[in-house]
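Participant: The opening position of the sequence shown corresponds to residue 5 in our numbering, with each subsequent residue numbered one higher. Quick reminder that beta carbons are idealized off the backbone N, C-alpha and C, glycines included. Predicted, not measured: the structure shown is a model, and the values here were computed from it.
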Amino acid sequence: NGSMENVCLFLNLANDPTIERIITPRLALTTAEYLAYQCEKHVLIILTDMSSYAEALREVSAAREEVPGRRGFPG
Numbered sequence: 005n006g007s008m009e010n011v012c013l014f015l016n017l018a019n020d021p022t023i024e025r026i027i028t029p030r031l032a033l034t035t036a037e038y039l040a041y042q043c044e045k046h047v048l049i050i051l052t053d054m055s056s057y058a059e060a061l062r063e064v065s066a067a068r069e070e071v072p073g074r075r076g077f078p079g
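Quick look at the structure:
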């Protein structure tokens, strides 16, 4: 039906490398902003399981020896 011609998909799994788990949501949001503001497209963003993103942030924060925030997550 041609619906896949209008889809931009970013897929990231919990067992992907840490840097990929951090950058994928940022890339998806940046792409969505571009499509919405520059190309005047209607955009729907669905982010599921933000816990893997938060865990990746915690791993990077621990490697940089930063003090974690509340509940052990940076920020």
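Measure the CB-CB distance between L33 and I49 and report whether it falls below 9 Å.
Facilitator: Counted from its first residue, the sequence shown places residue 33 at position 29. Counted from its first residue, the sequence shown places residue 49 at position 45. Yes, the pair counts as a contact, with Cβ atoms nearer than the cut-off.
Participant: Can we say the stretch 36-43 touches the stretch 18-27, given the rule of at least three CB pairs closer than 8 Å?
Facilitator: Short answer: they don't touch.
Participant: Taking DSSP as the reference, what is the three-state secondary structure of I50?
Facilitator: On the sequence shown, position 46 is the one that residue 50 refers to. I50: coil per DSSP, three-state reduction.
Participant: So what's L39 in DSSP terms, helix, strand or just coil?
Facilitator: Here residue 39 refers to the residue found at position 35 when the sequence shown is read from its first residue. Three-state DSSP puts L39 in a helix.
Participant: In three-state terms, what does DSSP make of N5?
Facilitator: Position 1 of the sequence shown holds residue 5. Coil, per DSSP.
Participant: Between the beta-carbon of R154 and the beta-carbon of S56, is there less than 9 Å?
Facilitator: Any property of residue 154 remains undetermined from this structure, which presents the chain solely from 5 to 79.
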